[in-house]
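A short worksheet on the structure shown next.
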Amino acid sequence: MSERAEATGLEVNEVATRWVRKMKPSTGHILYVEDDQDTRELVTYVLAQSHYKVTLAANGDDALMLARTNNFDLYVIDNWMSGGSGIDLCKKLREFDTWTPILFYSGAAFERDKQQAFAAGAQGYLVKPAGPDELIAEVTRIVSAANRTKAAATH
């Protein structure tokens with residue numbers, strides 16, 4: 632770890648992520664809801680490499696608070712979390728935010744899980760461990776589609 636990183640208390644991947652973000656403007660702001668810290672860190676790193684700004688929440692309650700007080704281009708949520716399911720979170724988000732797309736990124740791989748997510752208002756569902764390229768492709772697809780929809784609605 633560099634002296635600068637040590638002095639600020641940042642981990643090496645946080646320093647790298649901030650450096651990458653300085654190189655290119657953000658391609659969108661994502662709220663990522665995941666209760667597993669290792670997965671949060673890995674996915675945040677992958678998204679930051681593609682110039683997404685990522686805000687983290689470890690549970691549904693924190694996610695709802697953040698969603699009510701910030702503007703996001705995408706919600707990426709896990710289905711199995713302590714303190715509530717991603718399906719429940721998706722339904723609660725849709726009560727006050729019908730525009731921001733939702734992508735599930737979850738180990739819940741049953742077809743019933745996917746159907747419930749789409750019925751609750753999700754636009755995408757990826758099963759872990761989807762690779763980084765697949766995750767970025769799906770995030771980009773969903774954010775681009777939402778941007779086109781917003782642009783069409785304003786014209």
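In my numbering, each residue carries its 1-based index in the sequence shown increased by 631.
Ideal Cβ placement from N, Cα and C applies to all residues, glycine included.
Residue i versus residue j - alpha carbon distance
| i | j | result |
| --- | --- | --- |
| T785 | A777 | 12 Å |
| T780 | Q747 | 23 Å |
| R671 | Q754 | 21 Å |
| R652 | V674 | Confidence at R652 is low in this model, with a pLDDT of 47, below 50, so the placement of that residue is unreliable and no value is reported for it. |
| A783 | Q680 | 29 Å |
| A761 | A689 | 20 Å |
| M712 | K722 | 15 Å |
| E726 | R772 | 24 Å |
| N701 | E742 | 32 Å |
| P763 | L720 | 24 Å |
C-beta atoms of residue i and residue j nearer than 8 Å
| i | j | result |
| --- | --- | --- |
| S737 | V758 | yes |
| T686 | L724 | no |
| A751 | I708 | no |
| D692 | G714 | yes |
Same chain, Cβ closer than 6 Å to residue i, neighbours up to 5 away in sequence not counted
| i | result |
| --- | --- |
| V774 | G659, D704 and L705 |
| Y756 | F735, K745 and A748 |
| Y683 | T658, G659 and I661 |
| W730 | none |
Cβ neighbours of residue i in the same chain (closer than 7 Å, five flanking residues each side left out)
| i | result |
| --- | --- |
| A740 | V758 |
| S716 | N710 |
Distance between beta carbons of residue j and residue i, contact taken as under 8 Å
| i | j | result |
| --- | --- | --- |
| V677 | I767 | 7 Å |
beta-carbon residue i near the ligand GDP non-hydrogen atom, thresh 7 Å
| i | result |
| --- | --- |
| T675 | Absent from the structure shown: the ligand GDP. Ligands present: none. |
Contacting residues, own chain, Cβ-Cβ under 8 Å from residue i (five flanking each side not counted)
| i | result |
| --- | --- |
| E765 | L757 |
With a threshold of 8 Å, are at least 3 pairs of Cβ atoms found where one atom belongs to the stretch 667–680 and the other to the stretch 694–703?
no
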